[in-house]
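Quick notes on the structure that follows.
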Amino acid sequence: MRKSKTHVAIENRQPGRRPPRLLELHRDISPVVYWSAGIGLIALVLVGWVVLSGLGLVKPIFLPSPSAVWTEFNRQVSEGILLADMTASLYRIMAGWMLSTLIALPIGILMGSFRFFEGLFEPSVDLVRYMPAVAFVPLSILWLGVGDSQKFLILFIGTFFQEVLMIMDNVKNVPKELVQTSYTLGLGKWEVLRDVVLPTALPGIWDTFRITLGWCWTYLVVAELVAANVGLGYRIMRAQRFLQTESIILGILIIGLLGLITDLLFKAAARRMFTWVERQA
Amino acid sequence: MSIKVEARNVGRVFKMRHGQEVIALQDFNLTVRENEFVSIIGPSGCGKSSFLQMVAGLDFPDSGEILVDGALVNSPGADRGMVFQGYTLFPWLTVEDNVRFGLKKSSLPAEEKAEIVRGYLELVGLTAFARVYPRQLSGGMRQRAAIARALAAKPKVLLMDEPFGALDAQTRLMMQALLLEVWERERTTVLFVTHDVEEAIVLSDRVYLMSARPGKVREVMEIDIPRPRKFFEAEYNPKFQSLRKQLLELIREEVESAFVAGFATPNF
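Going line by line, the protein sequences match chains V and W.
Numbering-wise (my numbering), the first sequence opens with residue 151 and increments by one.
Numbering-wise (my numbering), the second sequence opens with residue 491 and increments by one.
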């Protein structure tokens, strides 16, 4: 008897195993594939960049070659410009973000815990949060002058109104039954807030910190748009005036890299601090 | 025996979004004496959980009154511990620290607290898991730890709101057997809400059967099976069998009428 084609296929198959496919909904893939895909894409973009500029397909004024950017990097390092810019920008971002966080944290906690505070603050926060931070630049200069505090204010406006709502949500996400259980164990409402709601919400709040700090990096150029003489954002704005494209690209890369580093630091700290967090499998 | 919980003509009406009113409880009466295990059983949506919330002081009746130890309930307190159906262990605390959390309000010296924590962990069989975080525990273990935490606080009344409802059938049996054993040793006054007929009979001294909405007491059954009871032998006991038959017939009527009426009003 001749075997049909399907018969053969079934016999040759390993028992109980179907060859894994690359694309399956929510299915885990090997870490090698996972990481090489991500790194591969970055490599591809770099190669594309080298090819485009190397073949002279694009004028250097639109897209400078990687080596031109590298030269610019070395120049800024040796002249101490890069370090001074990074220090100034890091300081502004930290100060602006801290300012936002120090105010958003208590208000967000109150909004997430008490309907009264939610009703009190949410309409105003909602109104302001869609206003573009960049539009506040002229006003901020009028109000605060051209010093660092004006930069803090721009970073604050860009961050605070989102951050406070995110912290509110982090607090609201604490299961109601945890709160009720705490009451039946004899705790008063402020004790429940301090000893149960806050520790439960903390991993989420920490994640909000990480995300909002990332936004601060994206607002840097806006903050250093005018009236600055040092800073990564200022360097980009200055390079625009002289059409120093390689300096612009260098600045963008440095900001992206520093943002990525702070993000990774926050993630690593979370993994150490919140070992108890239940992750969905 | 002194009366621990007394509900007199308790009524509770929930206002729904479109102005409809749902009568959850109406003229509900119940008594729990000291060291009694009392169950409330009824179709879902009959208001049994709402009643437990009101005994805990987490919600309040619209009419009638609830007394615990002769005093009107007007706020939650450590004298009425509660075990919920959902998992309520504090995720950032180990099992041991969760149980110790129940002693937060006590002025006992630390060594004595540690002794109590150890005792209750042993009682629920979690000694080996004392230093483990809740995320590493199975559902049954989490509920055991939650029971240990509630008992450690030495409540006058322990309120249990379908504590095994989220567990699989096998685990539920083991938990019922464990609770029976623990209760017969501790004799804490318990008010227990369930929709599981066998669970109610095996554990309780008295069962209140509730009618479908509006929730009223349909029947009160004394469970005169002598203690200590043997959990896995209960089903061969003729008294258990006849009680189960009676209760199942009554509850079926209620569930059927709830089912017919249920589509008109949202569940909560």
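Note that beta-carbon positions come from the ideal geometry of N, C-alpha and C, so glycine has one too.
Here Arg570 (chain W) is near Val647 (chain W), since their CB atoms are less than 8 Å apart. Shown here, Glu526 (chain W) sits in coil according to DSSP, grouped into three states, outside any helix or strand.
In the three-state reduction of the DSSP assignment, Ser553 (chain W) falls in the strand class, which pools E and B. Residues of the stretch 248 to 279 of chain V with a C-beta less than 9 Å from any C-beta of chain W: none at all.
A Cβ of chain V is located within less than 8 Å of the beta carbon of Gly592 (chain W). In this model, Leu738 (chain W) and Tyr333 (chain V) are separated by some 35 Å (Cα to Cα). Within the stretch 561 to 590 of chain W, those residues whose Cβ lies closer than 7 Å to any Cβ of chain V are, in chain order, Pro566, Gly567, Ala568, Arg570, Gly571, Met572, Phe574, Gly576, Thr578, Phe580, Pro581 and Trp582. Residues Ile304, Ile307, Gly308, Tyr369 and Val372 of the same chain have their beta carbon placed closer than 7 Å to that of Ala283 (chain V), with the five preceding and five following residues left out of the count.
Taking the beta carbon of Trp340 (chain V) as reference, no residue of chain W falls within 7 Å; the closest one sits roughly 14 Å away. When CB distances to chain V are screened at a threshold of 8 Å, the residues of the stretch 596 to 624 of chain W falling below it are Tyr623 and Pro624, in chain order.
Take the alpha-carbon of Ala702 (chain W) and the one of Ser539 (chain W): they are about 13 Å apart. One finds nothing in chain W with a Cβ atom closer than 9 Å to the Cβ of Leu343 (chain V); even the nearest lies about 14 Å away.
Put simply, the CB of Ala643 (chain W) is near chain V, with a gap under 8 Å to one of its CB atoms. Leu548 (chain W) reaches chain V at Gln330, Tyr333 and Thr334, counting residues in chain order whose Cβ is nearer than 8 Å. Counted as a single uninterrupted DSSP element, the beta strand (DSSP E) harbouring Lys494 (chain W) occupies residues Ile493 to Lys505.
Looking at V:Pro214, V:Ile257 and V:Leu240, the one whose alpha-carbon comes closest to that of Gly409 (chain V) is V:Leu240.
The stretch 569 to 599 of chain W is shown to contain whole alpha helix (DSSP H) runs of 4 or more residues at 585 to 591, in chain order.
Setting aside the 5 residues that flank it on each side, Ala254 (chain V) is surrounded in the same chain by Phe310, Glu313, Val314 and Ile317, each with a C-beta closer than 6 Å to its C-beta; the list follows chain order. DSSP, read as helix, strand or coil, puts Phe266 (chain V) in helix. The residues Arg242, Ala245, Gly246 and Leu249, in chain order, have a CB closer than 7 Å to that of Phe302 (chain V) in the same chain once the five nearest residues on each side in sequence are set aside. When only Cα atoms are considered, Ile257 (chain V) and Val275 (chain V) end up about 11 Å apart. Its Cα nearest to that of Arg388 (chain V), the residue V:Ile231 stands out among V:Thr412, V:Trp426 and V:Ile231. Counting only residues of its own chain and dropping the five nearest sequence neighbours on each side, Leu699 (chain W) has a CB closer than 6 Å to the CB of Ile531, Arg708, Glu709 and Leu740. For Val346 (chain V), the nearest beta carbon of chain W is closer than 8 Å to its own beta carbon. At a cut-off of 8 Å between C-beta atoms, Glu428 (chain V) counts as an interface residue with respect to chain W. In this structure, Arg498 (chain W) places its C-beta atom within 8 Å of the C-beta atom of Gly554 (chain W). By DSSP's assignment, Tyr698 (chain W) forms a beta bridge with W:Ile530 and W:Val710. Glu396 (chain V) is outside the set of residues whose beta carbon lies under 8 Å from a beta carbon in chain W.
Chain W places no beta carbon closer than 8 Å to that of Glu313 (chain V), leaving this residue out of the contacts. For Thr350 (chain V), the chain W residues whose C-beta falls within less than 8 Å of its own C-beta are Phe580, Pro581 and Trp582, listed in chain order.
With the rule of 3 Cβ pairs closer than 8 Å, the stretch 646 to 661 of chain W does not count as touching the stretch 616 to 625 of chain W. Residue pairing by DSSP places Val284 (chain V) opposite no residue, since no beta bridge is assigned to it. In the DSSP secondary-structure assignment, Glu511 (chain W) is bridged to W:Lys505. Look at Gly705 (chain W) here: in three-state DSSP terms it is strand. With a threshold of 8 Å between beta carbons, Glu327 (chain V) makes contact with chain W. Taking C-beta atoms as the reference points, Trp220 (chain V) and Pro581 (chain W) fail to come closer than 8 Å.
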